[in-house]
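Here the structure is laid out as structure tokens; the discussion comes afterwards.
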Amino acid sequence: MKALNISEARNTLPALVESVASTRTPVVLLKYGKPAAMLVPIKTAPPQSNPYPLRGTPIIVAEDFDEPLSPLWEACGVAEATASGEPQKSRVSDKKGKRKKT
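If you're matching positions, the sequence shown starts at 11 in our numbering and goes up one per residue.
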């Protein structure tokens, strides 16, 4: 690490900045023989990763994309109701807003 008096640094500032940038070594600036400031190279930020890594990737849709998943439908009970021809039961009651009398 180099140390320079402020008056010397003032006279050679452009060359000093170029030296710090190229060698990546800091320089201490002295005022009356005591460290007063430090000239350091800028830390370059790492390149940011692509925020959209899948952009441009081809999308392939399977031929059986719209086919029902039979085990899933059976688990839901939908396949049995449609196979027997029975209408599916609605989850919402047809009698909206009416309560049973007890």
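Backbone N, C-alpha and C fix where the C-beta goes; we use that ideal spot for every residue, glycine too.
Fair warning: this is a prediction, and the values are worked out from it, not measured in the lab.
The beta strand (DSSP E) with residue 113 in it runs from where to where? This structure does not reach residue 113, given that the chain is present from 11 up to 112, and the question cannot be answered.
Assuming residue 30 contacts residue 11 (C-beta within less than 8 Å), just tell me the rounded distance between them. Taking the sequence shown and counting its residues from 1, one reaches residue 30 at position 20. Taking the sequence shown and counting its residues from 1, one reaches residue 11 at position 1. Actually they do not touch by this definition, with Cβ atoms about 11 Å apart.
Contact check, residue 49 vs residue 61, beta carbons under 8 Å: For the purposes of this step, residue 49 is identified with residue 39 of the sequence shown, where counting begins at 1. For the purposes of this step, residue 61 is identified with residue 51 of the sequence shown, where counting begins at 1. In this structure, residue 61 does not lie closer than 8 Å to residue 49 by Cβ.
Under a three-way DSSP split, which group does residue 30 fall into? For this step, residue 30 is matched to residue 20 along the sequence shown. Residue 30 falls in the helix class under three-state DSSP.
Determine the closest residue to residue 32 out of 51, 67, 46, 57, with distance taken between C-alpha atoms. On the sequence shown, residue 32 is found 22 positions in, with the first residue counted as 1. Measuring from the Cα of residue 32, the nearest candidate turns out to be 51.
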